[in-house]
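Engineer: Residue numbers (the UniProt record's numbering): 1 to 184. C-beta atoms are modelled at their ideal positions from N, C-alpha and C, and glycine is treated no differently. For clarity, every value in this text was computed on a predicted model and none was experimentally measured.
(1) Quick test of the definition: if touching needs 3 or more C-beta pairs under 8 Å, does the stretch 140-147 touch the stretch 120-130?
(2) What ranges does the alpha helix (DSSP H) occupy inside the UniProt domain "Cyclodeaminase/cyclohydrolase" (13-152), keeping only unbroken runs of at least 4 residues that lie completely in it?
(3) Residue 169 lies in the alpha helix (DSSP H); which residues open and close that run?
(4) Taking 6 Å as the limit between beta carbons, can you name the residues of its chain near residue 65, skipping five residues before and five after?
(5) Nearest-angstrom Cα distance between residue 113 and residue 53?
(6) Roughly how many whole angstroms lie between the Cα atoms of residue 180 and residue 170?
(7) Cβ atoms of residue 33 and residue 117: under 8 Å apart, would you say?
(8) Mind checking whether residue 67 and residue 41 have CB atoms under 8 Å apart?
(9) Under 8 Å, do residue 71 and residue 99 count as touching if we go by C-beta distance?
(10) Buried or exposed, going by whether 16 or more other CB atoms sit within 10 Å of the CB of residue 18?
(11) Does the distance from the CB of residue 131 to the CB of residue 55 come in under 8 Å?
(12) Could you work out which residue in 136, 11, 12, 15 is closest to residue 176 when comparing CA atoms only?
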């Protein structure tokens, strides 16, 4: 895909995701979901006249869209590296790092959305709660990808995962889910 995912019209995005080939796929979808959550939370921050939250959420939204494109690029690089014997450690690392970055970003969006749900305008509470749940879903999806991508790229003896990043991202994603669930 030559066009940045952030420029794809929403009405066409499902078609792009459904396309044949390696990407965009799950990682990009998690990043786009985090971007949508940040956008919705920004609406609440604006309603609360919280300029700092607006600025941070705008930056998170833009970063999430870059991560969506980074995920496509990382996975394409990984597939290319797998075709070449002895190559690929950097490519394998990229398919782990990008979704790990999505987890961190989505957790921050969930934290801000949860705070805004408690302190923002009552009329926008539903928007903040929805943003928190979307961010939590993005974090959980990206955390699952970290584990799957580690399994694809570096299985340790006996086939068990020994990479501490899996537990770390799962804990972070669980934090986001807990924040969202406390709002309802």
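Structural biologist: Looking at the coordinates:
(1) no
(2) 26-47, 51-82, 89-119
(3) One-based indexing of the chain shown puts residue 169 at position 169. Its alpha helix (DSSP H) spans residues 164-181.
(4) Within the chain shown, numbered from 1, the residue matching residue 65 stands at position 65. Once the five neighbours on either side are set aside, the close Cβ partners of residue 65 are 6, 35.
(5) Your numbering for residue 113 matches position 113 in the chain shown. Your numbering for residue 53 matches position 53 in the chain shown. Going from the Cα of residue 113 to the Cα of residue 53 covers about 9 Å.
(6) Position 180 of the chain shown, counted from the start, is the residue given in the question as residue 180. Position 170 of the chain shown, counted from the start, is the residue given in the question as residue 170. Using only the alpha carbons, I get a separation of about 15 Å.
(7) As a first step, residue 117 must be located in the chain shown, where it is residue number 117. As a first step, residue 33 must be located in the chain shown, where it is residue number 33. No, the pair does not count as a contact, with Cβ atoms beyond the cut-off.
(8) Here residue 67 refers to the residue found at position 67 of the chain shown. Here residue 41 refers to the residue found at position 41 of the chain shown. Cβ atoms of residue 67 and residue 41: not closer than 8 Å.
(9) By 1-based counting over the chain shown, the position of residue 71 is 71. By 1-based counting over the chain shown, the position of residue 99 is 99. Yes, they are a contact pair.
(10) Here residue 18 refers to the residue found at position 18 of the chain shown. Exposed, because fewer than 16 other Cβ atoms sit within 10 Å of the Cβ of residue 18.
(11) Taking the chain shown and counting its residues from 1, one reaches residue 131 at position 131. Taking the chain shown and counting its residues from 1, one reaches residue 55 at position 55. No, they are not a contact pair.
(12) Here residue 176 is taken as the residue at index 176 of the chain shown, counted from 1. Measuring from the Cα of residue 176, the nearest candidate turns out to be 136.
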